[in-house]
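Residue numbers (the working numbering), protein chains in the order written: chain A, 1 to 125; chain B, 1 to 125.
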């Protein structure tokens, strides 16, 4: 007999705002906004999320180009990152995004209860 | 002056049911269920979706293992595919999945109206 990990299952509802085939805002970018607010710089935020500085900078650049005002200020602080902060619109969009996630997740709970009951959670290979 | 494509933007709400780190049901698998119901075989369904037969078969296999009853019957009809049909549970889950998508999308429309108004849809590079 083998020790098996218990079966895990969950529901994911992912929201993405697409502008000209780029993700203007999605789960990863919202995580990044929140991390920048918490850590005070893109480089620290990137580190805390396991992203390269370059990748995080590109994500900030996409967000800043995608909305009428930038979401992050101080984005061009060089390799060491300087300090970065969220603009009021950046803070607002991070909050609105999380609200959308909660609402979408909440809206499908009745159906999720049904689907969950049909999942084969026993006798898994 | 260049001719530019008009700016496009949209909201995507994607729902995925995860069982032991596999997608038991998501947008691609639901498309496949619907195509099998319409076309009557995995091979025709795969073709209509631009999937290889092997890929479609793997997706069916994952779905059939993930729920208490198979969602697709006749899945082992060989390379030519034979005929395949959805079981009652397969039909039910395709419908429930689309209902979840609609509900999740509907639940975030108020916030989406706000986000949409903040998108930089003009003077795009």
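We put the CB at the ideal spot given by N, CA and C, even for glycine.
Report back the beta-carbon spacing between residue 32(A) and residue 49(A) to the nearest angstrom; my notes put them in contact at under 8 angstroms. 6 angstroms
Beta-carbon within less than 7 angstroms of residue 101(B)'s beta-carbon, same chain only, minus the 5 sequence neighbours each way: which residues are those? 13 and 15
Supposed contact pair residue 52(B) and residue 84(B) - C-beta distance, whole angstroms, cut 8 angstroms: Residue 84(B) to residue 52(B), Cβ: 16 angstroms. No contact.
Residue closest to residue 115(B), alpha-carbon to alpha-carbon, out of 7(B), 6(B) and 11(B): 11(B)
Is residue 73(B) closer than 9 angstroms to residue 93(B) when the C-beta atoms are compared? no
Per DSSP, what kind of secondary structure is residue 93(B) in: helix, strand or coil? helix
Taking CB distances under 9 angstroms as the criterion, tell me whether residue 108(B) reaches chain A. yes
Identify the continuous alpha helix (DSSP H) that holds residue 51(A) and give its terminal residues. Where residue 51(A) is concerned, there is no enclosing alpha helix (DSSP H), given that its DSSP letter is neither H nor E.
Can you name, in chain order, every residue of its own chain whose Cβ lies under 8 angstroms from the Cβ of residue 29(B), other than the five neighbours on each side? 23, 59, 62 and 63
Looking at residue 67(A): is its Cβ nearer than 9 angstroms to the Cβ of residue 119(B)? yes
Taking C-beta pairs closer than 7 angstroms, name the residues in chain A that residue 114(B) reaches, listed in chain order. 96
In the stretch 10-21 of chain A, which residues sit with their C-beta less than 7 angstroms from some C-beta in chain B, listed in chain order? 10, 11, 12, 13, 14, 15, 16, 17, 18, 19 and 20
Please determine, among 43(A), 8(A), 109(A) and 35(A), the residue with the shortest C-alpha to C-alpha distance to residue 90(A). 35(A)
Local Cβ density within 10 Å of residue 70(A), reported as buried at 16 or more and exposed below that: buried
How big is the Cα-Cα spacing for residue 39(A) and residue 20(B)? 33 angstroms
Report the residue from 109(B), 99(B) and 65(B) whose alpha carbon sits nearest the alpha carbon of residue 110(A). 99(B)
In angstroms with no decimal places, state the Cα-to-Cα distance between residue 44(A) and residue 44(B). 50 angstroms
Residue burial classification, residue 122(A) (beta-carbon count within 10 angstroms, cutoff 16): exposed
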